[in-house]
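Protein chains: 2
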Amino acid sequence: MDKQEQILNAALKLFVEFGFHGTPTSKIAQEAGVSNGTLFHYYKTKDELVLALFIHIKTKLTGCIDNSRVEDETIKASFKRMYLSSLYWAIGNPIEFRFTQQFHTSPYLSMVSHEEILKQTRYLMDFMQEAIHARVLKSLPVDLLFTLISSHIFGINEYLIASNVDEQKQKEIIDQSFDLIWDMIT
Amino acid sequence: MDKQEQILNAALKLFVEFGFHGTPTSKIAQEAGVSNGTLFHYYKTKDELVLALFIHIKTKLTGCIDNSRVEDETIKASFKRMYLSSLYWAIGNPIEFRFTQQFHTSPYLSMVSHEEILKQTRYLMDFMQEAIHARVLKSLPVDLLFTLISSHIFGINEYLIASNVDEQKQKEIIDQSFDLIWDMIT
DNA sequence: TTTACGATTGACTAATCACTCCACAAAAGT
DNA sequence: ACTTTTGTGGAGTGATTAGTCAATCGTAAA
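Listed below in structure tokens is the structure:
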């Protein structure tokens, strides 16, 4: 019965369906089953709510990736583990994923501090930097690599959502896609 | 002095800066230098304006790609030509590009008819289908290939905007990126 | 000159919005 | 027991919104 969580969940659902400015705070409060005043007790402004939701979801995703880390793996195995955990998170949490996409391309993005973004990506960046040093990954700017991989995952996800393939076929495509991107960056 | 064009340009600029619902029609009319009534004379609703703008821009992009086609080329050369023309269009028209990105991840996308989308992508899809048949491209679902290439271009573009590299370096990265994606899909 | 008609205007409206205010309830400290 | 802090509700507010409308303007055919 955490009201803050209820508000975030309601906001997430409505933002994805109607867009940020397309969903009034009153509807969010209603959907969350709390009063209008309660919403503004926890979040001073609507913008603050949007930001909080973004960071909340990003943190969940980052946590999900990092947790799947395991010792004594080859770089390729680690990389694949992280690749798959990101992709499966996106497939398993389509609403959250759509929200992050929507947020990323919206003017709200500029309201997120550079530091906050770094905090979320530092681990992966460091991992890739090391992989470059170990001459496993191609010697490209690490930002470029990161962006290429991210957009690759976006793409696969979009395809899997659009075309409804069965689980067997989906697994096949994902494995194939991993090989594609791995060959591309090594 | 085409008022419709002025309205579209104003809407584009403001939508990218403030988001769809974040920019009132009154501001669009003001920015375009026309009256509120004129805007609604040409576009019955705000949604209709948003849709019209999307199709307007998509058509410009599609035209830009198709026009660059040339006879007697290898498949690779044709592909590279189209790849580069898309990417340079995106780099040269950042506002338009940002708008299409924003639109694609917004709830508005579902208001575009499936036919309209097909119309815009048919040429590229056919081209790739033939390239698969000719055993130049890997035998993957053509939708998947298309999505992978699109998101690759998104990624490169995002990187080039974020990191301000000089023109020389930019050209280098673009050529490198083309080789990456070409190796990936062939 | 007259008629006709789309283009254009800007004041107007009904609805909606983000956000405030205050009363009260439940804990939490002392 | 008493005071303070924190959570909660919901009516209320002024600003803003998408969209309307009756009135003009420009111009070209009759």
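From first to last, the protein sequence lines stand for chains A and B. All letters in the first sequence, in the order written, are residues -17 to 168 by our numbering. All letters in the second sequence, in the order written, are residues -17 to 168 by our numbering. Beta carbons are placed, not taken as given, at the ideal position from N, Cα and C, and that holds for glycine.
**Message:** Give me the chain B residues within the contact set of MET166(A), using Cβ-Cβ distance strictly less than 8 Å, ordered along the chain.
**Reply:** LEU162, ILE163, ASP165, MET166
**Request:** Since I believe LEU69(B) is in contact with ILE156(B) (beta carbons under 8 Å), could you give me their beta-carbon distance rounded to a whole number of angstroms?
**Result:** 6 Å
**PHE79(B) versus THR87(A) - alpha carbon distance** = 11 Å
**Prompt:** What separation, rounded to the nearest whole angstrom, lies between the Cα atoms of PHE136(A) and TYR65(A)?
**Reply:** 11 Å
**Prompt:** Quick one: Cα of LYS(-15)(A) to Cα of HIS134(A), how far?
**Reply:** 36 Å
**Cβ-Cβ separation, VAL(-2)(B) to GLN84(B) (assumed contact under 8 Å), whole Å** = 7 Å
**Request:** Measure the C-alpha to C-alpha separation of ASN(-9)(A) and LYS28(A) and round it to an integer number of angstroms.
**Result:** 14 Å
**Message:** Just checking: is the beta-carbon of LEU130(A) within a distance shorter than 7 Å of some beta-carbon in chain B?
**Reply:** yes
**Request:** Compare the Cα-Cα distances from ILE77(B) to each of PHE36(B), GLU97(B), LEU130(B) and report the closest residue.
**Result:** PHE36(B)
**Asked** If the cut is a Cβ gap below 8 Å, which residues of chain B does HIS134(A) touch?
**Response** LEU130, SER133, HIS134, GLY137
**Asked** What are the start and end residues of the alpha helix (DSSP H) that includes ARG76(B)?
**Response** Just to set this straight, residue 76(B) is Pro in the shown sequence, not Arg. 76 to 86 is the extent of the alpha helix (DSSP H) around PRO76(B).
**Message:** Distance check for LEU91(A) and THR82(B), CA to CA, integer angstroms please.
**Reply:** 16 Å
**Item:** Residue range of the alpha helix (DSSP H) that includes GLY1(A)
**Value:** Premise fails: GLY1(A) is in no alpha helix (DSSP H) and is neither H nor E.
**Message:** In whole angstroms, give me the CA-to-CA distance for LEU130(A) and ILE138(B).
**Reply:** 7 Å
**Request:** In the DSSP assignment, find the alpha helix (DSSP H) that holds ASN18(B) and state where it starts and stops.
**Result:** 18 to 24
**Message:** Determine, for GLU140(B), whether the minimum Cβ-Cβ distance to residues of chain A falls below 7 Å.
**Reply:** yes
**Asked** VAL32(B): buried (16+ other C-beta within 10 angstroms of its C-beta) or exposed?
**Response** buried
**Proximity winner among PHE61(B), LYS40(B), GLU13(B), THR7(B), relative to ASP108(B) (alpha-carbon distances)** = PHE61(B)
**Asked** Would DSSP call ASP(-16)(B) helix, strand or coil?
**Response** coil
**Delimiting residues of the alpha helix (DSSP H) encompassing ARG117(B)** = Neither: ARG117(B) is in no alpha helix (DSSP H) and is coded neither H nor E.
**Message:** I'd like to know whether the C-beta atoms of ALA171(B) and ILE47(B) end up nearer to each other than 7 Å.
**Reply:** What the structure shows of chain B is the stretch from -17 to 168, and residue 171(B) is not part of that stretch, so it cannot be assessed.
**Item:** Assumed close pair GLY19(A), GLN(-12)(A) - CB separation to whole angstroms, cut-off 8 Å
**Value:** About 15 Å; that fails the 8 Å criterion.
**Message:** Output needed for THR168(A): all residues of its chain with C-beta closer than 7 Å, excluding positions within five of it in sequence on either side, in chain order.
**Reply:** VAL118, LEU119, LYS120
**Message:** Alpha carbons only, please: which of LEU126(B), ALA144(B), ILE39(B) is nearest the one belonging to GLU140(A)?
**Reply:** LEU126(B)
**Request:** Step through the CB atoms of chain B and report whether any lies within less than 7 Å of the CB of GLN(-12)(A).
**Result:** no
**Prompt:** Hey, how far is the Cα of LYS42(B) from the Cα of SER50(A)?
**Reply:** 44 Å
**Message:** So the candidates are VAL124(A), ILE39(A), THR7(A); which of them puts its Cα closest to the Cα of LYS26(A)?
**Reply:** THR7(A)
**Message:** Given a cut-off of 7 Å on the beta-carbon distance, is the pair THR5(A) and LEU(-6)(A) in contact?
**Reply:** no
**Chain-order list of residues whose beta-carbon lies under 7 Å from that of ILE10(A) (same chain, five-residue window excluded)** = ILE(-11), ALA(-8), ALA(-7), LEU(-4), LEU21
**Prompt:** If GLN102(B) sits next to THR44(B), beta carbons under 8 Å apart, how far is it from one beta carbon to the other, in whole angstroms?
**Reply:** 5 Å
**Contact list for GLN84(B) against chain A, beta-carbon separation under 7 Å** = THR87, SER88
**Request:** Would you kindly check if the distance between the Cβ of HIS3(A) and the Cβ of HIS3(B) is under 7 Å?
**Result:** yes
**Request:** Just the C-alpha distance for GLN158(B) and TYR24(B), rounded to the nearest angstrom, thanks.
**Result:** 45 Å
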